[in-house]
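Enquirer:
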Amino acid sequence: MNIFRLAGDMTHLLSIIVLLLKIQATKSCAGVSLKTQELYAVVFVTRYLDLFYSFISLYNTVMKIIFLLTAFTIIWYMRKHKVVCQTYDKEQDTFRVLFLIVPCFVLALLVNHEMSVTEVLWTFSIYLEAVAILPQLVLLQRTKNVDNLTGNYIFMLGSYRALYLVNWVYRYFTELGYRQWIVWVSGTVQTCVYLDFFYYYVQAWRNNERMKLPG
Amino acid sequence: AQDDAPKDEL
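Note that the protein sequences, when read in sequence, are chains A and B. One gets my numbering by counting positions in the first sequence from 1 and adding 164 to each. One gets my numbering by counting positions in the second sequence from 1 and adding 26 to each.
This is the structure we're talking about:
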């Protein structure tokens, strides 16, 4: 494992910790999209089915389990916690997730490495992760004002994807015959989804003011 | 091109 990949994973983990801390400390999930969090749970469940039949490393297994547990913990807070669930912007978080799930599934059936249940589900998870942040970005656009922690959460998620891109470039030049087109193309799309957000995040940071999205 | 990279990423 190279330094870019490790930095990417740690940024991903940190983004989840930031979100969980925000929810626990402020007892509020205002500005957080439950739809996006549920899509991430679907992504992790369909991708990490290999926990049952393949072992890569202890690091790999532990991280997968952490991502699964934290995803369901966040969903639990937003749906079931008696204080937190009342702060959820249900009326604003109206993205139709089937418009993401169905096309990703069809694409996974059409473009994959092998027509098996686990391989199609794994491919589906790759496609779905690329667009899973969209309900969150739409919610942000609607509520306009972005609180610091939610902003940092999304910024870290975007950074994690950017670090994965660098990791793939590094692996391409250091590992003979290494290529994974499905992952590369989806990952590039996924990183591009964040570009607009990055622009406003960096602008707010440079002007030392609270982040605001244009109408 | 055939991808045969191991699924070792998260």
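Virtual Cβ for every residue (Gly too), placed ideally from N, Cα, C. Remember, predicted model here, so these are calculated numbers, not experimental data.
1) How long is the line joining the alpha carbons of I346 of chain A and R211 of chain A, rounded to whole angstroms?
2) Verify whether the separation of the beta carbon atoms of A312 of chain A and R260 of chain A is less than 9 Å.
3) Counting pairs of Cβ atoms below 8 Å between the segment 334-352 of chain A and the segment 184-202 of chain A, do you hit three or more?
4) Starting from I220 of chain A, find everything on chain B with Cβ-Cβ shorter than 7 Å and list it in chain order.
5) Quick one: grab the DSSP three-state call for N224 of chain A.
6) Take the Cβ of T190 of chain A as the centre, count every other Cβ of all protein chains shown within 10 Å, and call the residue buried at 16 or more, exposed below.
7) Would you call the segment 222-240 of chain A and the segment 198-206 of chain A in contact, with 3 or more CB pairs under 8 Å?
8) For N309 of chain A, list the residues DSSP reports as bridge partners.
9) Taking C-beta pairs closer than 8 Å, name the residues in chain B that Y342 of chain A reaches, listed in chain order.
10) What's the gap between the Cα of W332 of chain A and the Cα of M227 of chain A?
11) Hey, I297 of chain A and L321 of chain A: beta-carbon distance below 9 Å or not?
12) Under 9 Å between the Cβ atoms of V207 of chain A and E293 of chain A?
13) Just checking: is the beta-carbon of M227 of chain A within a distance shorter than 9 Å of some beta-carbon in chain B?
14) Could you check if F319 of chain A is buried or exposed, using at least 16 other CB atoms within 10 Å of its CB as the buried criterion?
15) With 16 other CB atoms within 10 Å as the buried threshold, where does S179 of chain A fall?
16) Please classify S197 of chain A: does DSSP put it in a helix, a strand, or coil?
17) What is the rounded straight-line gap between the Cα of V270 of chain A and the Cα of N276 of chain A?
18) Give every residue of the same chain whose Cβ lies closer than 8 Å to the Cβ of M165 of chain A, excluding the five residues on either side of it in the sequence, and list them in chain order.
19) Is T355 of chain A closer than 9 Å to L329 of chain A when the C-beta atoms are compared?
20) By the three-class DSSP mapping on this structure, what secondary structure does V275 of chain A have?
21) Using a Cβ cut-off of 9 Å (strictly closer), state whether H176 of chain A contacts chain B.
22) Indicate whether L327 of chain A and F168 of chain A have their beta-carbon atoms separated by less than 9 Å.
23) Please list, in chain order, the chain B residues whose beta carbon lies closer than 7 Å to that of D214 of chain A.
Expert: Put simply:
1) Taking the straight line from one Cα to the other gives about 14 Å.
2) Rather than Ala, the amino acid found at residue 312 of chain A in this sequence is Asn. Cβ distance not < 9 Å, so N312 of chain A and R260 of chain A don't count as in contact.
3) Touching, no.
4) The answer, in chain order, is D34.
5) N224 of chain A falls in the helix class under three-state DSSP.
6) Of the residues assessed, T190 of chain A falls on the exposed side of the cut-off, its CB having fewer than 16 other CB atoms within 10 angstroms.
7) Inter-segment contact for the segment 222-240 of chain A and the segment 198-206 of chain A is present: three or more beta-carbon pairs are separated by less than 8 Å.
8) The partner list for N309 of chain A (beta bridge, DSSP) reads A:K376.
9) Those within 8 Å of Y342 of chain A in chain B are A31.
10) For W332 of chain A and M227 of chain A, the gap between their C-alpha atoms comes out near 19 Å.
11) In contact: I297 of chain A and L321 of chain A (Cβ atoms closer than 9 Å).
12) Yes. Within cutoff.
13) Among the CB atoms of chain B, one or more fall inside 9 Å of the CB of M227 of chain A.
14) So F319 of chain A ends up on the buried side.
15) Under the 10 Å beta carbon count, S179 of chain A is surrounded by 16 or more other beta carbons and is classified as buried.
16) Here S197 of chain A sits in coil by DSSP.
17) V270 of chain A and N276 of chain A have their C-alpha atoms spaced approximately 11 Å apart.
18) The residues Y223, in chain order, have a CB closer than 8 Å to that of M165 of chain A in the same chain once the five nearest residues on each side in sequence are set aside.
19) Yes, the pair counts as a contact, with Cβ atoms nearer than the cut-off.
20) Collapsing the DSSP output to three states places V275 of chain A in coil.
21) The Cβ of H176 of chain A sits closer than 9 Å to at least one Cβ of chain B.
22) In terms of Cβ geometry, L327 of chain A and F168 of chain A form a close pair [threshold 9 Å].
23) Neighbourhood of D214 of chain A in chain B, by CB distance below 7 Å: K33, in chain order.
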